[in-house]
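Engineer: Can you keep this structure in mind? I'll have questions shortly.
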Amino acid sequence: AQFQTLIVEAPESAPGVTLIRLNRPEALNALNTALLGELAQALAAAQADDSVGCIVLTGSAKAFAAGADIKEMSDKTYAQMFKADFFTAGARAIEQCRKPIIAAVAGYALGGGCELAMMCDFILAADTAKFGQPEINLGVAPGIGGTQRLTRFVGKSKAMDMILTGRMMGAEEAERSGLVSRIFPADSLVDETLAIAAKIAGQSPLAVAMNKELVEAAYETTLTTGVALERRLFHSLFAFEDQKEGMTAFVEKRKPLFKGA
Ligand code: HXC
């Protein structure tokens, strides 16, 4: 598909990976209805394509995304926001994708941009990354999960600090606080992320999907229920040929060749 607000690639260097670049340079990749609609389409296509094992979402060197598009939102009424269920459809498409999505963040990830990164499965950051929820400065609040997800990532004290002051935090603070899993120099961020994504894409897609589901469950449920679900899915993985292949390959001291069966 041809997109107006995204560039979607299958990089040769990273077999099994779909690279999605947000591409509204004139607005620092601000998220509007068109962009989120296209993102939903691109993710659905990656989900439906058996050759895709992992998705990377990135922006430009200057901005992952500088928030929801303020110019699109500014004149909207409550009735319009409510009727459109503003941005819920776009957010759901990300939440519902069963393949892993890695956010590769360089530059600004503000407001909806920070929320978008947090909807991904994990965040890799350039040393130039700046995260923030500055909605308070506009007289509003985060609207696609920021108050909930940031608090789960970094704890109440830092989430309150970030959300009530609207300040930005740099890559080091974000890594120290658990928002970001690793930091890379800005000019190698995308290549490093693609290598990590290719590694995931080389695993059993069935095991990857179940592992993703299990970590997500840790966010939503009690320890006892989560551990019980893990045990069930762990046992069920023995129904797949990929389990036999993975363990046989280890014993035979060779690389496994997973088939997703
Ligand atoms: C619309 C935006 C934008 C945004 C930047 N631009 N952010 N347009 N929505 N969120 C546009 C600018 O208007 C400008 O276009 C161009 O991008 C370049 O931005 P500058 O401000 O000139 O760049 P710079 O001086 O380098 O400052 C970068 C910045 C600043 C610090 C990131 O742009 C900024 O503060 N942006 C807004 C950040 C923000 O408040 N985000 C939260 C949005 S609310 P022109 O044409 O004027 O040159 C939100 C709610 C989520 O996200 C809830 C969803 C339901």
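Under full-length UniProt numbering, residues 2 to 262 are what the sequence shown spells out, in order.
We put the CB at the ideal spot given by N, CA and C, even for glycine.
Just so we're clear, the structure is a prediction, and the values are computed from it rather than from any experiment.
(1) For the ligand HXC, is there a heavy atom less than 8 angstroms away from the beta-carbon of phenylalanine 83?
(2) Across the region 97 to 117 and the region 140 to 154, are there enough close Cβ pairs to call them in contact, namely three or more that are closer than 8 angstroms?
(3) Please report the residue range of the alpha helix (DSSP H) in which valine 155 lies.
(4) Please list, in chain order, all residues of the same chain as proline 135 whose beta carbon is under 7 angstroms from its beta carbon, the five residues on each side excluded.
(5) What residue range is occupied by the uninterrupted alpha helix (DSSP H) comprising cysteine 232?
(6) Between which two residues does the alpha helix (DSSP H) harbouring lysine 245 extend?
(7) Count the other CB atoms within 10 Å of the CB of glycine 179; is the residue buried (16 or more) or exposed (fewer)?
(8) Buried or exposed for serine 205, please, with buried defined as at least 16 other CB atoms from any protein chain shown within 10 angstroms of its CB.
(9) Are the CB atoms of valine 57 and alanine 105 within a distance shorter than 9 angstroms?
(10) Could you please give me the residues that DSSP links to glycine 133 through a beta bridge?
(11) Determine, using beta carbons only, whether aspartate 128 and alanine 64 come nearer to each other than 9 angstroms.
(12) If we call anything under 9 angstroms between Cβ atoms a contact, is leucine 36 one with threonine 59?
(13) Distance check for valine 252 and isoleucine 8, CA to CA, integer angstroms please.
(14) Are the region 195 to 211 and the region 76 to 88 in contact at 8 angstroms, needing three or more beta carbon pairs?
(15) Just to check, is the beta-carbon of leucine 165 closer than 8 angstroms to a non-hydrogen atom of the ligand HXC?
(16) Distance, Cα to Cα, aspartate 192 vs leucine 44?
(17) With leucine 125 and arginine 177 assumed to form a contact (beta carbons below 8 angstroms), what rounded beta-carbon distance in angstroms separates them?
Structural biologist: According to the structure data:
(1) no
(2) Verdict: yes, contact present.
(3) 147 to 155
(4) Leu111, Gly112 and Gly167
(5) It should be noted that the sequence gives arginine, not cysteine, for residue 232. 224 to 237 is the span of the alpha helix (DSSP H), which, as asked, contains arginine 232.
(6) 242 to 252
(7) exposed
(8) buried
(9) yes
(10) Leu111 and Met169
(11) no
(12) no
(13) The straight-line gap from Cα to Cα measures roughly 42 angstroms.
(14) no
(15) no
(16) 21 angstroms
(17) That belief does not hold up - the Cβ atoms of leucine 125 and arginine 177 are roughly 15 angstroms apart, past 8 angstroms.
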